[in-house]
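J.: Starting off with a structure, shown below.
Protein chains: 2
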Amino acid sequence: MPYLDNRLMARPLYLQVRDVLVQRIVVGQWKPGGTLPNETLLAQQLGISIGTVRKALDLMESERIVTRRQGRGTFVNDYASETLFPFSTFHNFEGQRISGTKRAKSISRVQADAEEASRLGLQRGEELIKVERLREHQGRIFMTETCLLPARYFNRLPDDLGPYRLSALAQLNGILVGPADERVDVALATAEDAKDLDVADGTPLLRLDRTIFSDQGDRLEWRVARCALRHERYVVRFV
Amino acid sequence: MPYLDNRLMARPLYLQVRDVLVQRIVVGQWKPGGTLPNETLLAQQLGISIGTVRKALDLMESERIVTRRQGRGTFVNDYASETLFPFSTFHNFEGQRISGTKRAKSISRVQADAEEASRLGLQRGEELIKVERLREHQGRIFMTETCLLPARYFNRLPDDLGPYRLSALAQLNGILVGPADERVDVALATAEDAKDLDVADGTPLLRLDRTIFSDQGDRLEWRVARCALRHERYVVRFV
DNA sequence: AAGTGGTCTAGACCACAGA
DNA sequence: CTGTGGTCTAGACCACTTT
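Same order as they appear, the protein sequences are chains L and B. Each residue of the first sequence is one higher than the last, beginning at 1 in this note's numbering. Each residue of the second sequence is one higher than the last, beginning at 1001 in this note's numbering.
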């Protein structure tokens, strides 16, 4: 039995099963958008009960790794497609979530300074990918953002990094995106912000300072965004 | 069988069980902080399998209605105690959630104007309880808030409404708090804000415009807060 | 009709907490 | 030692989707 440890005191079986299945997705055995084998087959292959497989799959669905549909099957979520909005908080006035279209202003590689290293949990001087970009909605730019990603995690890059989504980029590199936290406060527009966002210099903007973690707890991205909300709303939903 | 409908095509049994158990909590058969009967007993009393009871209780735990502890029992969450922070987004710089201490500035009863009625889904002129209060942390006031509650839902009021928490107030009135949403943007300090928060007139503040719903979808509270963050951070956590 | 995930059952055994 | 929730099993049957 190469995978599972059924001894007493071991980590619960369904968690081990979850890890095995996630690993198979990460290495590409089951691809984004594709289907997993059905529950009965998985249970037979793993030599365990179907109820335990279900518990692992339920967990994976709650982690937004797969989607299960009665009568159809269990599908690997595809974060490159536009249907999933993992960390989007922007809504239009009708209450629908929006992502906006992203456009790169600059893409470069830099060495982490003290603050950047600290925020990303790296050594000073480590290589970072720096993406500055603008986000627009209904034809107007409402947000500027500066994204920093540790280069070590992202060896495979898409042709155009500008509009890319972190969750898709992670999926491309066999990384599972975990939680994120975002600090929200007010900042005054710099001259550059003012130009990009078409507001007066010194206008108070909503500043979003976000860190995204992997499922292992590694910090994958530090992003600072500044927003001049026009047709958009920043909405937090508590459940 | 007064409670459960076991026919084909019926609503799933575990959801019916959830509703029955929630109802018993709401009417006070099991009180906040108290324990529910154990799983085996519940299953016997309801004439169903223990697995179905577990599924209902798992759901209720994810809804933050009960807390389950291995070896001890299943407990009704007590929202009047200070251990639960249902909708708190404020953190100190060490990353711990804080609630701050609340102090009432004024408590009154008003008739809903057009906007208030619209935001709370009521008829214009309906009676509202209006609470204006201040929140402080580390000895400094960092937030002013104006809360509006439809009087119809809150017949029972505690002695001192000022520092009360909505979730506790709802529990007192047999209402189950559901989701909430909060719009975040920037507003400039009015003269009154400036005085309360000890900032200059016109200082840009973080404005939090929150609506809290019941589990039935009724709107229980509309609150608008203005924050001058000093030792506090507004943090949104995505999971 | 065949195949999928969803519900429900009945029971065994384990880990944890408290008397 | 007893009682609690947590895990795991084996199987039946249901509802939904596609062939």
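All C-beta atoms in this analysis are idealised placements derived from N, C-alpha and C, irrespective of residue type, glycine included.
Can the beta-carbon of T1074(B) be found less than 9 Å from the beta-carbon of L1036(B)?
T.: Yes, the pair counts as a contact, with Cβ atoms nearer than the cut-off.
J.: With a cut-off of 8 Å on the beta carbons, I'd call F1213(B) and A1180(B) a contact; round off their distance for me.
T.: 6 Å
J.: Using C-beta distances below 8 Å, list every residue in its chain close to L1220(B), excluding the 5 sequence neighbours before and after it, in chain order.
T.: L1149, P1150, Y1153, L1166, A1170, I1175, V1177, I1212, F1213 and S1214
J.: Is T1067(B) closer than 9 Å to E1061(B) when the C-beta atoms are compared?
T.: yes
J.: Please classify T40(L): does DSSP put it in a helix, a strand, or coil?
T.: helix
J.: With a threshold of 9 Å between beta-carbons, can P1002(B) be considered close to chain L, or not?
T.: Here P1002(B) scores only 49 on pLDDT, less than 50, and its place in the model should not be relied on; the value that follows carries that caveat. False, the Cβ-Cβ gap to chain L never drops below 9 Å.
J.: Please work out which residues of its chain come closer than 7 Å, Cβ to Cβ, to A191(L), disregarding the five sequence neighbours upstream and downstream, and give them in chain order.
T.: D201
J.: From the beta carbon of E1127(B), is the nearest beta carbon of chain L less than 9 Å away?
T.: For E1127(B), the answer is no, since every Cβ of chain L falls outside 9 Å of its Cβ.
J.: Tell me the rounded alpha-carbon separation between N1048(B) and S49(L).
T.: In the sequence under discussion, the amino acid at residue 1048(B) is Ile, which differs from the Asn named in the question. Spanning the two alpha carbons is a distance of roughly 22 Å.
J.: Classify Q1016(B): buried if its beta carbon has 16 or more other beta carbons within 10 angstroms, exposed otherwise.
T.: buried
J.: Taking one C-beta from the region 1113-1121 of chain B and one from the region 1022-1039 of chain B each time, how about it: are there three or more such pairs within less than 8 Å?
T.: Touching, no.
J.: Note down, one range per segment and in chain order, each alpha helix (DSSP H) of at least 4 residues found wholly within the region 88-158 of chain L.
T.: For the region 88-158 of chain L, whole alpha helix (DSSP H) runs of length 4 or above, ordered along the chain, are 114-120.
J.: Within 9 Å (strictly less), CB to CB, does D1181(B) reach chain L?
T.: yes
J.: So, Y1234(B) versus V20(L), is the Cβ gap smaller than 9 Å?
T.: no
J.: Taking the beta carbon of D159(L) as the centre, do at least 16 other beta carbons fall within 10 Å, making it buried, or is it exposed?
T.: exposed
J.: At a cut-off of 8 Å, is E1232(B) close to the ligand ZN when judged by its beta-carbon and the heavy atoms of the ligand?
T.: Questions concerning the ligand ZN fall outside what the structure shown contains, since it holds no ligand whatsoever.
J.: Going by DSSP, which residues form a beta bridge with T1074(B)?
T.: R1068(B)
J.: Sort E1232(B), Q1123(B) and L1004(B) by Cα distance to G1139(B) and report the nearest one.
T.: E1232(B)
J.: Run down chain B in chain order and give the residues with a C-beta less than 7 Å from the C-beta of R233(L).
T.: R1183
J.: Between the region 1018-1029 of chain B and chain L, which residues of the former have CB atoms less than 7 Å from a CB of the latter, in chain order?
T.: none
J.: Where does R1165(B) sit, in a helix, a strand or coil, going by DSSP?
T.: coil
J.: In this structure, how does DSSP classify L1188(B) when only helix, strand and coil are distinguished?
T.: strand
J.: Counting only Cβ pairs nearer than 9 Å, list the residues of chain L close to F1090(B).
T.: By Cβ distance, chain L contributes nothing, its closest Cβ being about 11 Å from F1090(B), past 9 Å.
J.: Tell me which residue opens and which closes the beta strand (DSSP E) that S1062(B) is part of.
T.: First-last for S1062(B): I1050 to S1062, but that is the alpha helix (DSSP H), not the beta strand (DSSP E).
J.: Closer than 9 Å, CB to CB, is L1220(B) near chain L or not?
T.: Using beta-carbon distances, L1220(B) does not count as an interface residue toward chain L, since no partner is under 9 Å.
J.: Let me know if V1076(B) comes out buried or exposed under the rule of 16 or more other beta-carbons within 10 Å of its beta-carbon.
T.: buried
J.: Which residues bound the alpha helix (DSSP H) around I1025(B)?
T.: L1013 to V1026
J.: Look at the alpha carbon of H1137(B) and the alpha carbon of F1087(B), and state the distance between them as a whole number of angstroms.
T.: 17 Å
J.: Mind checking if F1238(B) is an interface residue toward chain L, Cβ cutoff 9 Å exclusive?
T.: yes
J.: Cβ closer than 8 Å: which chain B residues qualify as neighbours of V186(L)?
T.: V1186, P1204, L1205 and L1206
J.: Excluding sequence positions up to five away, which residues of its chain have a Cβ less than 7 Å from the Cβ of E1127(B)?
T.: R1109, Q1111 and A1151
J.: With distances taken between CB atoms, is the gap from V1186(B) to V186(L) smaller than 9 Å?
T.: yes
J.: According to DSSP, simplified to helix, strand and coil, what is P1002(B)?
T.: Confidence is the limiting factor: at P1002(B) the pLDDT is only 49, short of 50, which leaves the residue's position unreliable, though a coordinate-based value still follows. Coil.
J.: DSSP three-state label for L1206(B), please.
T.: strand
J.: When you compare only the Cα positions, how much space is there between A117(L) and N1092(B)?
T.: Approximately 22 Å between the Cα atoms of the pair.
J.: Could you spell out the range, first to last residue, of the beta strand (DSSP E) harbouring V236(L)?
T.: R233 to F238
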